[in-house]
Structures are given as C-alpha cells and as structure tokens.
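The opening residue of the sequence shown carries number 1 in UniProt numbering; numbering runs sequentially from there. First the structure, in the form of structure tokens, and then the observations on it.
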Amino acid sequence: MSGGRKLNDLLTQRPFDPYQIERYGRSKKVDVNELIAIAVTFSKMENHTKHGKDLTPLQVACSRSKSDIVSLLVKEGTSVNLDNIMGSPLHIALEHGNIPVVQKLIELGADIESMCSSGNTPMVSAMSTFKKEEGCVTAVKLLLEYGVSVNAIVESKFQQKAIHVAVCNNLPSVVTLLLNMNADPSATDKDGTTPLHIAVFNNRVEIIKLLSLHNVDFYKENYMGDSPLVFAVKCQVLQNIETLIRCGCDPNKISPRGHSLPLHSAANLCNLDIVKLLVNLGADVNLPVEGESTPLHTVAQRLLTGTGPISEDKAKSQKRKDIAEFLVERGAKLNTTDASMNTPL
Numbered sequence: 001m002s003g004g005r006k007l008n009d010l011l012t013q014r015p016f017d018p019y020q021i022e023r024y025g026r027s028k029k030v031d032v033n034e035l036i037a038i039a040v041t042f043s044k045m046e047n048h049t050k051h052g053k054d055l056t057p058l059q060v061a062c063s064r065s066k067s068d069i070v071s072l073l074v075k076e077g078t079s080v081n082l083d084n085i086m087g088s089p090l091h092i093a094l095e096h097g098n099i100p101v102v103q104k105l106i107e108l109g110a111d112i113e114s115m116c117s118s119g120n121t122p123m124v125s126a127m128s129t130f131k132k133e134e135g136c137v138t139a140v141k142l143l144l145e146y147g148v149s150v151n152a153i154v155e156s157k158f159q160q161k162a163i164h165v166a167v168c169n170n171l172p173s174v175v176t177l178l179l180n181m182n183a184d185p186s187a188t189d190k191d192g193t194t195p196l197h198i199a200v201f202n203n204r205v206e207i208i209k210l211l212s213l214h215n216v217d218f219y220k221e222n223y224m225g226d227s228p229l230v231f232a233v234k235c236q237v238l239q240n241i242e243t244l245i246r247c248g249c250d251p252n253k254i255s256p257r258g259h260s261l262p263l264h265s266a267a268n269l270c271n272l273d274i275v276k277l278l279v280n281l282g283a284d285v286n287l288p289v290e291g292e293s294t295p296l297h298t299v300a301q302r303l304l305t306g307t308g309p310i311s312e313d314k315a316k317s318q319k320r321k322d323i324a325e326f327l328v329e330r331g332a333k334l335n336t337t338d339a340s341m342n343t344p345l
C-alpha cells in the first residue's frame with residue numbers, strides 16, 4: 001500500500017466493532033477476514049512472478065469481486081490506475097466479469113480508455129474469452145455507456161478496434177452490439193485487415209453474415225492486395241467462399257488494385273473444387289485482370305513453369321489440366337490474348 005503502511009496498521013488504527021451486523025447481514029469481521037485473505041494471497045505472490053510482475057492487493061480484490069475492499073484500498077491511497085503486465089485494476093475486473101467492481105472503479109476515477117503495459121485498453125479485457133459471451137456483452141455495453149468510443153483503437157500492436165477483437169474472439173452478440181452502436185464494419189487495422197478478413201480467416205460464418213447485413217465493404221483490400229473473397233479463396237475454405245457470394249459479394253468485381261480475381265486465385269492455387277464453386281456461383285471464366293490475362297492464361301502459364309519435386313509437379317500438372325478442361329467446357333476462350341499478345345495456347 002502507498003506510504004509503506006502495513007495491513008495491520010490499517011486494521012488496528014481505526015475503531016470498529018467487528019461483530020456489528022450491517023444491512024446485508026454481514027459483519028465487519030467478514031470484511032476484515034477478506035482483507036486478510038487478500039493480504040495473505042498477496043504475500044504468497046511476493047516471491048512468485050508472472051511475466052516478471054506481481055499482482056497488487058487492489059488487483060487481487062478486483063479479481064475476487066470485492067467492491068467494498070476496492071473502495072477501502074483506493075481510499076487508503078492505492079492508485080486506481082496502477083498498471084503492470086497483468087493490466088490495471090479495471091482490466092482485471094473486466095477480465096473476470098466483475099461488473100460491480102468495474103462500476104466502482106470507474107466511479108473512483110479509473111481510466112476507461114487507457115492502454116495497459118501489454119498494449120490493450122479495458123475494452124479488450126471486456127471481451128475476454130475467460131467468461132461467457134453474455135458477460136462480454138454486458139461489459140462492452142457498460143464501457144460504451146460510460147463513453148468509450150465504439151471505433152477507438154483498443155489494441156496497440158496491430159491498431160485494431162473493438163469490432164476486430166470481437167470477431168477474432170468469436171463473439172457474434174458483441175459484434176451485433178457494436179454494429180448497432182455504429183461501429184465501422186469495414187474498419188482496418190495497420191495491415192489493412194478488416195473484420196471480414198478476420199471472420200474469413202477464423203471461419204466465422206455467422207459473423208460473415210452479420211457483417212453483410214450492415215453495409216460492409218466486400219472489396220476492401222488488405223496490405224497484400226486481397227479482398228475478403230480473394231483471401232477466402234487463398235484460405236481454401238469453400239463454405240466461407242459460398243457464404244460471401246450468397247451474402248452479396250460479386251465474384252467478378254475487380255479490386256481497386258486489379259491484382260487478382262477470385263477465379264484467377266483459385267486457378268493459381270490449383271484447386272478445382274473452388275474453381276467449380278466460383279463458376280457455378282457466377283464467376284466469369286473469360287474476365288481478365290491486370291495484364292489482361294484470363295483464368296485460362298493463369299492455368300496455362302503454371303503448366304509451363306512448374307517448380308518443385310517431380311512427383312509434386314506431376315500431380316499439380318494433372319490438376320491444372322483438369323482445371324483447364326473444366327474452364328473450356330464452361331466457355332473459356334482459347335484465342336483471347338493478354339497484354340503480351342499471348343493466347344492460352
């Protein structure tokens with residue numbers, strides 16, 4: 001505690017009747033015992049470090065959901081915003097879903113938007129996977145009601161916003177709450193990653209559908225130049241690809257940079273199942289991209305430049321031939337020229 005005061009000083013230097021019954025049927029003796037328990041817990045931790053840092057008595061009280069002890073410790077001089085690698089008291093209370101403690105800390109002046117030493121704001125702790133989803137909804141809603149910006153950066157390493165974290169943690173109810181509070185469904189982090197990219201990468205089909213209902217930008221590219229649909233093709237999960245298209249993503253829309261279309265990516269990956277899925281869902285087999293090459297150009301080029309072990313090249317060569325045959329069957333033109341005046345043949 002601040003000023004080097006010992007726990008026994010705190011307990012012995014103020015008059016009280018430990019047996020006086022309060023209105024909730026508790027005596028102060030219970031509070032003292034709890035305070036002693038915290039002190040004992042803390043003393044046991046003094047020689048035990050986690051990531052090189054100890055829990056403070058206030059942090060222990062927050063983890064144990066003891067609002068009265070939190071108030072007492074702060075009144076006696078403990079900083080409500082004291083931070084270490086475990087986070088601030090507010091971070092810890094939110095991680096454990098201790099809403100009464102969260103409210104008490106905020107009343108006592110806890111900073112609701114501060115980055116802790118690990119680089120997260122309390123909003124990240126509010127979405128901790130240690131608790132059930134409804135607990136996350138309650139915690140997030142509380143922070144928003146206290147004034148946290150729904151589109152604020154909540155994580156320093158990747159500059160992510162709350163909606164990125166909610167998608168990553170698979171919290172569709174929190175995603176819904178954030179969207180209803182005007183969170184940007186197409187927000188980007190420092191790598192240009194959107195919530196839709198994260199949903200695709202983590203196979204969050206329900207969240208893909210949720211985002212599509214809130215005017216999400218299906219074509220915003222990440223730093224690699226991949227739209228969510230191209231990214232889904234590269235992840236090679238058919239369900240995500242189909243979900244995106246059925247939710248309104250156009251497989252023929254050329255991205256702003258014009259690097260690739262989903263069908264070209266599928267052909268390049270030598271994945272016949274994805275090629276078939278895309279074509280069956282409306283992908284144009286003759287649509288060119290940068291350099292005016294069609295998907296058939298892509299397949300033909302890969303047939304000419306196979307690399308790697310002979311057995312691997314042989315297997316991929318057969319797959320590419322199968323893709324070429326399928327594309328031709330579905331109307332791919334053999335005489336279309338690219339920017340270098342080359343045909344697929």
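In this text, a Cβ means the ideal position worked out from N, Cα and C, and glycines have one as well. Every value quoted in this text rests on a predicted model; they were computed, and no experiment measured them.
I think Ile245 touches Leu281, with their Cβ atoms under 8 Å apart; what is that distance to the nearest whole Å? 5 Å
Beta-carbon contacts of Leu171 that lie in its chain and below 7 Å, excluding the five residues immediately before and after: Met127, Glu133, Cys136
In the UniProt repeat "ANK" (258-290), which residue ranges form an unbroken alpha helix (DSSP H) of at least 4 residues, counting only runs that do not cross its ends? 262-268, 272-280
Could you give the distance in angstroms between the alpha-carbon of Gly119 and the alpha-carbon of Gln318? 49 Å
On the premise that Val74 lies in contact with Leu108, defined as a C-beta separation below 8 Å, what is that separation, rounded to the nearest angstrom? 5 Å
Whole-angstrom distance between Val150 and Leu144, CA atom to CA atom: 7 Å
Using beta-carbon positions only, say whether Phe158 and Lys209 come within less than 8 Å of one another. no
Going by C-alpha to C-alpha distance, which of Val289, Cys270, Lys276 sits closest to Ser260? Val289
Residues in the same chain with beta-carbon distance under 6 Å from Phe231, minus the five sequence neighbours each way, listed in chain order, please. His197, Val200
As assigned by DSSP and simplified to three states, the class of Lys316: helix
If you draw a straight line from the C-alpha of Leu238 to the C-alpha of Thr294, how long is it? 22 Å
Consult DSSP for Glu325 and reduce its assignment to one of helix, strand or coil. helix
N- and C-terminal bounds of the beta strand (DSSP E) containing Glu76: Segment: none, Glu76 is in no beta strand (DSSP E) and carries neither H nor E.
Length of the line joining the Cα atoms of Thr194 and Pro122: 21 Å
Could you pull the start and end residues of the alpha helix (DSSP H) that Ile153 belongs to? Looking at the DSSP string, Ile153 is not in any alpha helix (DSSP H); the run it does join, the beta strand (DSSP E), is 153-155.
With a 10 Å radius around its C-beta and 16 neighbouring C-beta atoms as the bar for buried, classify Ile85 as buried or exposed. exposed
Alpha helix (DSSP H) containing Phe201: first to last residue? 195-201
Can you have a look at Pro256 and say buried or exposed, based on whether 16 or more other CB atoms are within 10 angstroms of its CB? exposed
Taking 8 Å as the CB-CB cut-off, is Gly77 touching chain D? Looking for chain D here will not work: only one protein chain is present.
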